[in-house]
Amino acid sequence: MSQTPESPISDPPTAGSSGTSTPRTRHACDSCYRRKIRCDGGTLPCDWCRHHNASCTFNRVQGGRKRRQAGSIKLRKKNIIRRMERIEQILTANFERPEAANHDPPPAGTTVLSDSPIDAVGQIFLSYYQLGDINVFHGVPLLSQDGQRWIGFRYEDSDPGKRQVPLWHNQQTPVPSGSPLRAGIQALPDRSIVEAYLTFYKTSDFANHLPLVDPVLFALTIEEAYSPTLTDSRRTSLIKAYIHAFLAVCALTDGQKEGLIPALDVKVDDVAEQLTADLFGARASTEAADTLMILVFYQFSCGNIHSADLTLSLASRILFMLGAHLYPGKAIDEIPEERQDLETRTTLHRRDLFWICYTLDMEITFRTGRPPIMTNTSCDLTFPAYYQRQISPGFTGVSRLPGDLRLSIIKSQAYEKLYSPHSLNNSDADILRDIRGLDDMLETWRLSLPAECRPTLTFSDDTKCSPKDFSPKNISPFLLRLEYHHCMTTIHQASSRCKNWTHNRTIDEGLTSSMELALESSRSLLSYLNSMGRPAFLPKLFWVVLFYPISASLILFSNILLNPSSPSAACDLRQLGECVEYVQKNFDSNVGLSESNWSHMKHVRRAAEEVFRLAQKAIAQGTQLESQAEGLEKDLERILVG
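In terms of the UniProt record's numbering, the sequence shown opens at residue 1 and continues consecutively.
If you want it as structure tokens, here you go:
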């Protein structure tokens with residue numbers, strides 16, 4: 001039978017083609033197709049139809065067009081994937097080019113760290129993209145030296161090694177041990193000055209919010225310090241350090257400005273740096289614990305996080321030696337203050353010091369990523385009786401202790417479950433389960449707060465704040481809101497370590513929602529700070545608060561780098577600009593800083609400006625590349641359709 005053009009049998013290769021042309025596809029006849037058997041298709045009828053006397057027809061509708069359409073879709077997907085890879089390569093090249101042009105190669109002998117499991121600790125992950133040199137421990141940004149060079153930071157000093165610290169860490173040059181200042185502080189000030197400071201402390205809110213000393217016990221220490229019978233040199237050094245540390249921390253308040261306490265001849269911002277050495281040989285005592293905890297708070301308030309961390313480790317060991325990590329018992333805890341003897345006052349005061357130490361330990365852990373000194377398994381975390389009363393509904397008295405102990409415990413569990421070394425091996429499901437559990441704990445804590453000081457879930461530019469929200473008496477709610485938003489970011493930022501973003505739809509949705517919550521919390525934190533202008537109490541808290549806008553800004557900056565064309569990028573860029581204004585306003589208000597501190601403040605301002613500039617550049621490049629990609633896609637579609 002002669003073949004016709006309509007025959008499904010492929011034409012033989014034409015002369016001169018050498019059999020290299022692609023033959024048309026041989027289709028099975030209707031009978032073989034229904035039975036799913038091989039059809040020889042060489043002749044009509046086929047072999048099976050000829051042996052079974054069946055009609056060999058080709059009447060069914062062919063699926064060739066549909067298969068060609070499927071092939072086109074597959075081709076389009078492959079081209080889109082290639083296009084995205086090209087975009088990523090272009091972005092990478094654009095960000096690497098300034099570094100290659102502006103920075104010299106490392107000198108010979110310089111060690112280059114390679115990737116290792118240890119490197120995963122403290123890295124920032126966004127949608128499992130590891131942004132290596134923007135080193136973030138659970139949402140806490142630390143720009144490493146290489147990372148600062150990567151985004152274009154420049155230094156005016158000749159020693160770049162000095163900048164291997166986070167931007168919110170203050171830089172303070174220690175006073176040499178043989179300096180005239182150190183010799184001068186060996187003498188105690190006049191007793192009337194010390195007693196005036198103690199009177200001011202007892203009548204201020206400072207004593208309740210931060211019970212670093214017990215007024216009754218400290219009065220006995222003053223008596224001993226000015227007694228001629230004090231001859232033990234080690235005891236003398238301890239008591240002098242105790243009194244000078246107390247004067248230094250009281251000077252952080254506005255008492256001198258308001259004339260409530262006399263001014264000191266010695267610069268208090270240099271005193272604390274010199275006193276710690278005298279305490280290393282001190283025996284475990286309440287005075288030693290008081291002195292160290294006062295120094296920790298002073299250093300923390302001045303932004304000297306590294307010094308505060310080291311001093312805190314010594315203070316915690318002394319508190320352990322004194323048994324302050326153990327609950328003294330309900331019988332002692334509930335004794336009214338007016339009926340407490342010296343032994344009871346000492347025991348309960350040590351317990352207060354333990355809780356202050358625990359709170360600062362968890363705060364430093366959240367800011368540095370270092371493991372906590374005090375673990376929950378090593379301490380009795382039974383709350384004091386007065387604290388149980390002040391967290392009860394309807395409490396109207398003055399709150400005692402800084403921050404909120406329940407929030408500190410949540411921070412401790414967040415580190416243990418999400419960021420401790422053993423947690424880095426958790427599966428995606430374990431990470432998401434722990435995130436949900438911690439999120440529930442954080443929400444339960446938030447709802448337990450009184451409505452007037454309860455942080456809102458989000459804070460936008462439309463949220464109204466009254467002037468009393470930023471009065472000096474509302475420092476605790478102000479700081480609690482910042483802690484809440486940062487804690488929310490910290491918890492949900494851990495989802496970025498998950499590897500499975502595509503295999504499971506449920507996990508994918510959970511990861512997406514966690515990342516959105518982390519970003520939204522950072523936006524809310526910046527909106528809250530930008531809405532308040534410059535409160536009267538902020539200059540004294542600048543180094544404490546500075547951590548929060550920098551942390552939130554780098555989270556948004558990292559997201560802009562990953563998604564420069566997203567709808568939220570422009571809004572995030574605006575908030576980065578407002579962060580620059582915030583730093584500038586407080587830069588202008590921090591008068592009286594030492595020369596080294598002022599220099600570091602200038603560096604913080606330049607860093608904020610540089611982050612904003614680079615975010616602008618990333619968005620502009622992303623918009624340009626997106627336009628080019630859309631043009632390529634349209635051209636590709638026209639080619640495929642044609």
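Glycine included, every Cβ here is placed at the ideal spot set by N, Cα and C.
Of the residues the options, the one placed nearest residue i, counting alpha carbons only
i, options, result
"F297", "F246, A284, F280 and L342", "F246"
"I435", "C453, T368, V398 and S513", "S513"
"S392", "L447, R60, D232 and S568", "L447"
"F354", "A248, I193 and I318", "I318"
"D439", "H492, R406, P402 and Y582", "H492"
"A251", "I239, S233, D214 and S301", "S301"
"P477", "A494, D428, C487 and L449", "L449"
"L310", "R339, R283, C357 and A324", "C357"
"E578", "R283, Y528 and A284", "Y528"
"K202", "L360, V213 and E610", "V213"
"A570", "G622, S521, I550 and H600", "G622"
"P625", "S566, D40, L517 and E609", "Residue 625 is actually Leu in this sequence, not Pro. The candidate whose alpha carbon is nearest that of L625 is S566."
"L432", "M515, K330, H485 and H422", "M515"
"S558", "W445, C46, L525 and A618", "A618"
"A277", "A241, L360, I409 and T253", "A241"
"P371", "S423, H349 and I475", "S423"
"E581", "L526, H486, E443 and L561", "L526"
Coarse secondary structure for residue i, derived from DSSP in three states
i, result
"V213", "coil"
"G161", "Note on G161: pLDDT 45, under 50, position unreliable in the model; no value is reported."
"N563", "coil"
"V140", "No answer about V140 holds up, because its pLDDT of 47 lies below 50 and its placement is not dependable."
"R481", "helix"
"D205", "coil"
"G631", "helix"
"L525", "helix"
"T57", "coil"
"M532", "coil"
"H27", "coil"
"G577", "helix"
"T623", "helix"
"L517", "helix"
"R446", "helix"
"residue 649", "As shown, the chain starts at 1 and ends at 642. That puts residue 649 outside it, with no answer to give."
"Q69", "Legend: pLDDT at Q69 = 48, less than 50; position of this residue unreliable, value from coordinates given subsequently. Correct three-state label for Q69: helix."
"F459", "coil"
"I550", "helix"
"D361", "helix"
"A219", "helix"
"L188", "coil"
"A570", "helix"
"T199", "helix"
"S114", "With a pLDDT of only 38 at S114, under 50, the local geometry of the prediction cannot be trusted, and the value read off the model is given with reservation. Coil, per DSSP."
"R605", "helix"
"S285", "coil"
Residue interval of the alpha helix (DSSP H) (run including residue i)
i, result
"S233", "S233 to C250"
"R50", "D47 to H51"
"residue 661", "Since the first residue of the chain shown is 1 and the last is 642, residue 661 is not available in this structure."
"D30", "D30 to R35"
Starting from the N-terminal side, write out each stretch of the alpha helix (DSSP H) that is 4 residues or longer and does not extend beyond the segment 374 to 443.
-> 385 to 390 and 405 to 414
Start-end ranges of the alpha helix (DSSP H) lying completely within the segment 290 to 357, minimum 4 residues = 305 to 322 and 330 to 333
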